[in-house]
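Reading through the structure tokens given below for one structure.
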Amino acid sequence: MTSAITMSIGGVSYVALNPAQYKSRAQTVADQATCRTVDTAIMGYLMNTGTTPTSVRQLKDYVRGDISKYRIVNGMAAGPGCPQT
-4 MTSAITMSIG GVSYVALNPA QYKSRAQTVA DQATCRTVDT AIMGYLMNTG
46 TTPTSVRQLK DYVRGDISKY RIVNGMAAGP GCPQT
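So in the numbering used here, spot 76 of the sequence shown is number 71, and the numbers just go up one at a time.
Written as structure tokens, this is what we have:
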């Protein structure tokens, strides 16, 4: 238990002394969209327009982050981390 507490305090101290490195890493992760993000954007687009988007370019107003690695196949997101359809 003492070892776990010591390691935890050490990790928190390191982050406190090195915030710039973790801020940039957190921003990089936050800027990366996921398959779920793209699917949610597709649903938002469909709800607002009544049509299914045919390109991820149509989703730019619905997503924050980079979705350029994704495409739309049969009305669903396809790309990194997406289940095979």
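Where is the CB? At the ideal position from N, CA and C, for every residue including glycine.
Treat the numbers as computed from the prediction; the structure is a model and nothing was measured.
Check, Outcome
"Reduced DSSP category for A28 - H, G, I as helix; E, B as strand; rest coil", "coil"
"R52 in three-state terms, based on DSSP", "helix"
"Span of the beta strand (DSSP E), counted from its first residue to its last, around R66", "R66 to V68"
"Cβ neighbours of P75 in the same chain (closer than 8 angstroms, five flanking residues each side left out)", "C30, K64 and Y65"
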